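Quick notes on the structure that follows.
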Amino acid sequence: DLRLGVELELQLPTYATAIAMPDPSCICNPRISLQAGHLTLAFFRTEICNYPPLFGTCKLTLTRYYYNTLTFLCEPFMFSGCGGNRNNFKQKHICENTCLLQG
Numbered sequence: 001d002l003r004l005g006v007e008l009e010l011q012l013p014t015y016a017t018a019i020a021m022p023d024p025s026c027i028c029n030p031r032i033s034l035q036a037g038h039l040t041l042a043f044f045r046t047e048i049c050n051y052p053p054l055f056g057t058c059k060l061t062l063t064r065y066y067y068n069t070l071t072f073l074c075e076p077f078m079f080s081g082c083g084g085n086r087n088n089f090k091q092k093h094i095c096e097n098t099c100l101l102q103g
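Residue 42 in the UniProt record's numbering sits at position 42 of the sequence shown; the count goes up by one each step and never skips.
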């Protein structure tokens, strides 16, 4: 995957609370880790989620899911079975796990 991102590391006292959010335009998958009082937040934009849905070049008609950057949802589309691009998921939950902000 082509990934763009930013990593932020904070040192917090044991009683602190922190909330961190990426820019709202970011299609991100966060990675959060807490070790020895250090909180590391990393948000990565998955480039494949920005690709448009493509029917492909074969003759089948399969229902697949793609991430729609206008609605911010994973939506069904028809796929021919070959060609296309990587914004093409067999199951909706896989699309959501890849492209929706988790948190």
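All C-beta atoms in this analysis are idealised placements derived from N, C-alpha and C, irrespective of residue type, glycine included.
In this text, all values refer to a predicted model and were calculated from it rather than measured experimentally.
Nearest-angstrom Cα separation, counted from residue j out to residue i
i, j, result
"residue 51", "residue 87", "6 angstroms"
"residue 72", "residue 98", "12 angstroms"
"residue 56", "residue 100", "24 angstroms"
"residue 93", "residue 77", "15 angstroms"
Beta-carbon gap between residue i and residue j smaller than 8 angstroms
i, j, result
"residue 47", "residue 74", "no"
"residue 81", "residue 54", "no"
"residue 91", "residue 66", "no"
"residue 89", "residue 62", "no"
"residue 58", "residue 83", "yes"
Counterpart residues of residue i in DSSP-defined beta bridges
i, result
"residue 89", "65"
"residue 60", "Answer is none; residue 60 lacks a bridge partner."
"residue 73", "68"
"residue 79", "62"
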